[in-house]
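Here numbering that gives the first Met the number 0 is used: position 230 in the sequence shown is 229, and no number is missing along the way.
For every residue, glycine included, the Cβ atom is placed at its ideal position computed from N, Cα and C.
Below is one structure, written out as structure tokens; comments come after it.
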Amino acid sequence: MDKLSAMAIFVAIVDEGGFASAARKLRISPPVVTRAVTELEESMGVRLLVRTTRVVRVTEVGARYAADCRRILADVAETETSAAGSHGAPRGKLVITASVMFGAMYVTPIVTEYLRRYPETDVECRFLDRVVNMMDEGVDAAIRIGALPDSSYQAVRVGQVRQVLCASPAYLDARGIPATPEDLGRHDLIAATAVVATNDWRFERDGKPTTVKVHPRLSSTSNDAALRAALDGFGITRVISYMAAPHLAAGRLKTVLGRYETPPVPVSVVHHEGRQSSRKVRAFLDMAIAALSADSALN
Numbered sequence: 000m001d002k003l004s005a006m007a008i009f010v011a012i013v014d015e016g017g018f019a020s021a022a023r024k025l026r027i028s029p030p031v032v033t034r035a036v037t038e039l040e041e042s043m044g045v046r047l048l049v050r051t052t053r054v055v056r057v058t059e060v061g062a063r064y065a066a067d068c069r070r071i072l073a074d075v076a077e078t079e080t081s082a083a084g085s086h087g088a089p090r091g092k093l094v095i096t097a098s099v100m101f102g103a104m105y106v107t108p109i110v111t112e113y114l115r116r117y118p119e120t121d122v123e124c125r126f127l128d129r130v131v132n133m134m135d136e137g138v139d140a141a142i143r144i145g146a147l148p149d150s151s152y153q154a155v156r157v158g159q160v161r162q163v164l165c166a167s168p169a170y171l172d173a174r175g176i177p178a179t180p181e182d183l184g185r186h187d188l189i190a191a192t193a194v195v196a197t198n199d200w201r202f203e204r205d206g207k208p209t210t211v212k213v214h215p216r217l218s219s220t221s222n223d224a225a226l227r228a229a230l231d232g233f234g235i236t237r238v239i240s241y242m243a244a245p246h247l248a249a250g251r252l253k254t255v256l257g258r259y260e261t262p263p264v265p266v267s268v269v270h271h272e273g274r275q276s277s278r279k280v281r282a283f284l285d286m287a288i289a290a291l292s293a294d295s296a297l298n
């Protein structure tokens with residue numbers, strides 16, 4: 000069996016979670032599927048899958064190999080399309096990732112416009128509040144908030160965000176505006192633990208970092224819930240600036256303690272480096288970079 004066919008079969012096994020289901024998906028016999036994996040493992044001298052009577056589990060090496068296979072197969076398909084003279088619109092499936100709220104607010108509109116513009120594409124959005132391993136999880140592009148470690152990826156900075164404290168005008172009229180971080184002890188606080196996981200809130204005073212231990216009356220793992228409580232006039236919350244941007248622009252919320260904010264952090268569009276991006280990926284990158292760079296909430 001040729002290597003590309005074996006790779007495609009292996010990826011199908013990983014995606015479908017078993018040999019029989021992969022065979023059904025590819026419309027080939029189960030022995031062909033088994034032989035493909037055996038040939039791959041023997042040729043490389045490594046175990047890609049652990050098989051029992053009940054489950055098929057991918058080894059760590061197998062997971063990395065599956066991610067590499069996906070990229071190789073996508074490159075081959077792209078090359079064949081170009082060689083056939085199909086230089087028109089992008090096509091195929093695109094996998095992207097971002098944090099949950101940022102994805103909903105800023106990435107989804109870009110995706111829907113991308114899909115309208117390129118009807119031969121499909122997009123899978125993985126909006127998760129964790130750092131996704133792009134290589135291991137087969138992700139084509141990511142929008143990341145924060146400093147990026149050195150890696151084999153290319154990043155294009157499209158803006159910046161900061162942590163802000165905000166409350167409704169009604170609350171501030173009733174309870175007053177804190178002048179220093181220490182004044183927070185006299186206020187009702189709402190902790191969005193997805194943004195700040197501890198009760199030690201960091202500030203910057205005269206160019207130096209400082210920490211104030213706070214005692215929230217309400218804590219929530221949901222940023223939406225924290226914002227809703229602030230909008231309802233319950234107290235002061237701390238969120239990332241883009242989350243509150245629509246409410247700040249409309250006057251439903253006001254920021255406090257702006258002079259004590261910590262430095263902003265970058266927003267970047269990240270993709271694989273060292274290889275020419277496929278047409279579908281490049282088209283999305285161009286749209287995402289243009290849209291996010293022009294958004295006033297990120298600048």
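Contacts around residue i, its chain only, beta-carbon distance under 6 Å, and the 5 residues preceding and following it disregarded
i    : result
L183 : P177, V213
D199 : T210, K212
H246 : L252
Straight-line gap, residue i to residue j (C-alpha atoms, nearest Å)
i    : j    : result
G273 : Y105 : Unreliable positioning characterises G273 in this predicted model, as indicated by a pLDDT of 45, which lies under 50. The coordinate reading is nonetheless provided below. Distance between the alpha carbons of G273 and Y105 is about 27 Å.
T338 : A146 : Since the first residue shown for the chain is 0 and the last is 298, residue 338 is missing from the structure and cannot be characterised.
T33  : Q162 : 52 Å
A282 : L3   : 26 Å
A289 : N298 : 13 Å
M0   : V131 : 33 Å
G137 : L164 : 36 Å
A97  : R251 : 26 Å
T316 : R53  : The question about residue 316 has no answer here: the residues shown for the chain are numbered 0 through 298.
L25  : M43  : 24 Å
G16  : R278 : 29 Å
G102 : A169 : 30 Å
E41  : R90  : 34 Å
L217 : D231 : 13 Å
S219 : A76  : 46 Å
P29  : R50  : 14 Å
S292 : I144 : 14 Å
L173 : T120 : According to the sequence displayed, residue 173 carries Ala and not Leu. Taking the straight line joining both Cα atoms gives about 52 Å.
P148 : M133 : 14 Å
R116 : G175 : 50 Å
D294 : R23  : 46 Å
D74  : L39  : 20 Å
C124 : A296 : 22 Å
Own chain residues within Cβ distance below 8 Å of residue i, not counting five before or after
i    : result
F202 : P180, P208, T209, T210, V211, L256, Y259, E260, T261
P118 : A88
V10  : A65, C68, R69, L72
A287 : V106, I109, A140, I142, V157, V268
D135 : A62, R63, A66
L171 : K253, V255
L284 : A140, V155, V268, H270, S276
A35  : M0, S4, A5, I8, F9
P215 : L188, I189, A190, N198
Beta-carbon proximity check, residue i vs residue j, cutoff 8 Å
i    : j    : result
F233 : I189 : yes
R156 : P265 : yes
D128 : V99  : yes
V94  : V57  : no
S167 : A229 : yes
A191 : N222 : yes
L48  : V55  : yes
I8   : A19  : no
R227 : V194 : no
H186 : I239 : no
H270 : Y152 : yes
Y241 : V160 : yes
Three-state secondary structure assigned by DSSP to residue i
i    : result
R274 : Legend: pLDDT at R274 = 48, less than 50; position of this residue unreliable, no value from coordinates given.
G232 : coil
A166 : strand
S267 : strand
T306 : With the chain covering only 0 through 298, there is no way to say anything about residue 306.
E123 : strand
A190 : strand
L256 : coil
A293 : coil
A97  : strand
Contacting residues, own chain, Cβ-Cβ under 7 Å from residue i (five flanking each side not counted)
i    : result
V45  : V60
A243 : V163, C165, L226, L252
V280 : L93, D139, A140, H270
Length-filtered (4 minimum) alpha helix (DSSP H) runs lying within the stretch 29-91: The qualifying runs are 29-43, 59-82.
Which residue spans inside the stretch 194-238 form an unbroken alpha helix (DSSP H) run of at least 4? Runs of the alpha helix (DSSP H) inside the stretch 194-238: 222-230.
Quick one: complete beta strand (DSSP E) runs, 3+ long, within the stretch 129-157? Secondary structure within the stretch 129-157: the beta strand (DSSP E) runs of 3 or more consecutive residues, fully enclosed, are 140-144 (chain order).
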